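Take the sequence shown: its letters are residues -19 to -1, 1 to 141, numbered as in mature numbering (1 follows the signal peptide of the UniProt record, and there is no 0).
Structure, as structure tokens:
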Amino acid sequence: MANSLICLLLSACSLNCIAADWDFLEQDPGEGELYLRSYSGVLQDSRGDGRTDPFDTWLINTGYQYNIMDDVALFMEGGPAGSGQSAQAGYNLASGLRYQLTPALNIGSQLSQLEIGYATTHVELNSRLLLAPQLALTANFGISPLTAEQSLSIGMGFHF
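Next comes the structure, spelled out in structure tokens:
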């Protein structure tokens, strides 16, 4: 009985220590923002049969980002996706972190799912260079953790 009480007391103390490490999440409620982002570019995607086919893709995502530190934001976004070569349409979902390196350049990492004809899940590294206040050059490189397939996309996008 005494051992159980000591273990319970020690675990309660350790939970207090762990909770103290998450103070950076305590920010004003106004730190988050909703956004709308569109993207059109060329996706170089390795298919399941070993071929690599480039095709035009477009995404229109609505998302929410929350600043967890001065230059780091946690985000979730999703929306419709389509391909220029076919009449197929699908969806795109993503969640990850963005790092603001300069006012015009950010890099990020994300887990994304894109379905246009077939579903692919990738762990991605991405970058965005602002050319104008709401116009950006975007590049993504992704690897599927399940199949080791790779994808690369480069394009232009708007951010509102």
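Where is the CB? At the ideal position from N, CA and C, for every residue including glycine.
Every value quoted in this text rests on a predicted model; they were computed, and no experiment measured them.
Mind checking Asp51: buried by the 16 CB within 10 Å criterion, or exposed?
Numbered from its first residue, the sequence shown carries residue 51 at position 70. With fewer than 16 Cβ atoms within 10 Å of its Cβ, Asp51 is classed as exposed.
Is it true that the segment 101 to 115 meets the segment 56 to 73, where meeting means three or more beta-carbon pairs spaced less than 8 Å apart?
no
Distance, Leu24 Cα to Gly11 Cα
As a working note, residue 11 is residue 30 in the sequence shown. As a working note, residue 24 is residue 43 in the sequence shown. Confidence at Gly11 is low in this model, with a pLDDT of 46, below 50, so the placement of that residue is unreliable and no value is reported for it.
Check whether the Cβ atoms of Pro93 and Ala75 sit closer than 8 Å, and answer yes or no.
Locating residue 93 in the sequence shown gives position 112, where the first residue counts as 1. Locating residue 75 in the sequence shown gives position 94, where the first residue counts as 1. Per the sequence shown, the amino acid found at residue 93 is Ser instead of Pro. Closer than 8 Å, so yes.
Cβ-based burial, Leu40 [other Cβ within 10 Å; buried from 16]
Taking the first residue of the sequence shown as position 1, residue 40 is located at position 59. Leu40 is buried by the Cβ-count criterion.
So, under 8 Å CB-CB, Tyr16 and Phe139 are touching, yes? Tell me the CB distance rounded to an integer number of Å.
Numbered from its first residue, the sequence shown carries residue 16 at position 35. Numbered from its first residue, the sequence shown carries residue 139 at position 158. That belief does not hold up - the Cβ atoms of Tyr16 and Phe139 are roughly 10 Å apart, past 8 Å.
Between the alpha carbons of Gln110 and Thr119, how many angstroms are there, rounded?
Taking the sequence shown and counting its residues from 1, the one referred to as residue 110 is at position 129. Taking the sequence shown and counting its residues from 1, the one referred to as residue 119 is at position 138. In the sequence on display, residue 110 carries Leu and not Gln. Going by the C-alpha atoms only, they are around 6 Å apart.
Can you tell me the Cα-Cα spacing of Gly123 and Asp26, whole angstroms?
The residue you call residue 123 lines up with position 142 of the sequence shown. The residue you call residue 26 lines up with position 45 of the sequence shown. Going from the Cα of Gly123 to the Cα of Asp26 covers about 9 Å.
Pop quiz: Asn48 and Arg18 are said to be a contact at Cβ under 8 Å. What is the actual Cβ separation, rounded to whole angstroms?
Residue numbering aside, residue 48 sits at position 67 when the sequence shown is read from its first letter. Residue numbering aside, residue 18 sits at position 37 when the sequence shown is read from its first letter. Contact flag wrong, Cβ pair sits at about 17 Å.
Let me know the secondary structure DSSP gives Glu12 once reduced to three states.
Counting from one through the sequence shown, the residue named residue 12 turns up at place 31. It is helical.
Relative to the C-alpha of Tyr121, which residue among Thr128, Ala113, Gln115, Ser132 is closest?
Locating residue 121 in the sequence shown gives position 140, where the first residue counts as 1. At residue 121 the sequence reads Asn, which differs from the Tyr that was named. It is Ser132 whose Cα lies nearest to the Cα of Asn121.
In angstroms, rounded to a whole number, what distance separates the CA positions of Ala117 and Tyr99?
Your numbering for residue 117 matches position 136 in the sequence shown. Your numbering for residue 99 matches position 118 in the sequence shown. One C-alpha to the other measures close to 28 Å.
Using the rule of at least 16 other Cβ atoms within 10 Å of the residue's Cβ for burial, across every protein chain shown, is Gly77 buried or exposed?
Start at 1 with the first residue of the sequence shown, and residue 77 comes out as number 96. Of the residues assessed, Gly77 falls on the buried side of the cut-off, its CB having 16 or more other CB atoms within 10 angstroms.
Taking 8 Å as the threshold (C-beta atoms), are Gln46 and Phe36 in contact?
By 1-based counting over the sequence shown, the position of residue 36 is 55. By 1-based counting over the sequence shown, the position of residue 46 is 65. Contact check for Phe36 against Gln46 fails: the beta carbons are separated by 8 Å or more.
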